[in-house]
Amino acid sequence: MDDLLDFSSDTYFMGEALRQARRAEAQDEVPIGAVIVRNADVIARAWNQVETLKDATAHAEMLAITQAESAVGDWRLCDCDIYVTKEPCPMCAGAMVHARLRRVIYGCPDPKTGGAGGMVNLLQMSSLNHQCEITRGVREIECREILQRFFRTKRAE
Numbered sequence: 008m009d010d011l012l013d014f015s016s017d018t019y020f021m022g023e024a025l026r027q028a029r030r031a032e033a034q035d036e037v038p039i040g041a042v043i044v045r046n047a048d049v050i051a052r053a054w055n056q057v058e059t060l061k062d063a064t065a066h067a068e069m070l071a072i073t074q075a076e077s078a079v080g081d082w083r084l085c086d087c088d089i090y091v092t093k094e095p096c097p098m099c100a101g102a103m104v105h106a107r108l109r110r111v112i113y114g115c116p117d118p119k120t121g122g123a124g125g126m127v128n129l130l131q132m133s134s135l136n137h138q139c140e141i142t143r144g145v146r147e148i149e150c151r152e153i154l155q156r157f158f159r160t161k162r163a164e
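Printed below as a string of structure tokens:
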């Protein structure tokens with residue numbers, strides 16, 4: 008079966024996260040998008056809004072987690088997966104562990120500040136009460152390119 012037509016595939020849901028990243032880019036925000044999926048349904052979607060909301064915690068993942076908790080009616084998201092275009096930072100990775108997300112799927116890595124194995128792997132620390140499964144590199148090229156284009160444009164300005 009063609010991966011792009013499989014609505015339950017990681018490729019498809021990362022496309023939904025990329026759509027959110029493009030919304031961030033259109034608002035002159037760092038283009039990172041996230042969606043949270045439960046039972047093959049998107050229950051939350053968000054993009055970075057740090058500048059718009061003047062809030063350092065308004066990362067796409069944080070906003071999506073809050074939305075998903077509201078949709079589920081609980082802070083525990085044990086049967087949910089998050090798709091995010093860039094490896095989560097330590098703040099977001101910590102929130103993912105606390106919310107007990109089942110799986111974290113990301114596009115491009117962040118070797119300098121990533122919280123899912125780049126700089127540190129908070130998602131799978133054995134000393135924490137929950138560990139998330141990680142799937143890396145889904146639609147990595149597209150996820151990397153949107154970020155590179157954004158920062159290339161910023162440097163040129």
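The opening position of the sequence shown corresponds to residue 8 in the numbering used here, with each subsequent residue numbered one higher. Here a beta-carbon is modelled for each residue, glycine too, at the ideal position from N, C-alpha and C. Fair warning: this is a prediction, and the values are worked out from it, not measured in the lab.
Worksheet item: Three or more C-beta pairs closer than 8 Å, one from the segment 126-142 and one from the segment 52-67: is that the case here?
Response: Contact fails: fewer than three Cβ-Cβ distances are below 8 Å.
Worksheet item: In chain order, what residues of the same chain lie with their CB nearer than 6 Å to the CB of Y90, ignoring the 5 residues before and after it?
Response: Excluding residues within five positions, the ones whose Cβ falls inside 6 Å are F20, M21, A24, V42 and I112.
Worksheet item: Among the residues of its own chain, which have a CB less than 7 Å from the CB of P97, if the five just before and after it don't count?
Response: Excluding sequence neighbours, P97 sits near G122, V127 and L129.
Fill in: Beta-carbon spacing of R109, C85 below 8 Å
Taking 8 Å as the cut-off, the Cβ atoms of R109 and C85 count as close.
Worksheet item: Contact check, A106 vs I72 under 8 Å by CB: the rounded distance?
Response: Between A106 and I72 the beta-carbon gap is near 5 Å, inside 8 Å, which marks them as a contact.
Item to complete: Report the residue from R159, T92, A102 and A47 whose alpha carbon sits nearest the alpha carbon of A31.
Response: Ranking the options by Cα distance to A31, first place goes to T92.
Discussion item. Let me make sure I understand the geometry here. Which of W54, V37 and R45 has the alpha-carbon closest to that of D17?
Written reply: Nearest of W54, V37 and R45 to D17, Cα basis: R45.
Worksheet item: Among all the DSSP beta bridges, which residues are the ones paired with T142?
Response: DSSP, once it has assigned bridges, lists I112 as partnering T142.
Worksheet item: Between V57, R29, D35 and H137, which lies nearest to E164 when the distance is taken from Cα to Cα?
Response: Distances from the alpha-carbon of E164 to those of V57, R29, D35 and H137 put D35 closest.
Worksheet entry | Euclidean distance between Cα positions of R83 and V104 | Their backbone Cα atoms lie some 10 Å apart in a straight line.
Worksheet item: Can the beta-carbon of A47 be found closer than 8 Å to that of Q56?
Response: In terms of Cβ geometry, A47 and Q56 do not form a close pair [threshold 8 Å].
Worksheet entry | For I148, three-class secondary structure by DSSP | Residue state, collapsed to three classes: helix.
Worksheet item: Which runs of the alpha helix (DSSP H) fall wholly inside the segment 67-98 and span at least 4 residues, in chain order?
Response: Counting only runs of 4 or more residues that sit fully inside the segment 67-98, the alpha helix (DSSP H) segments are 67-79, in chain order.
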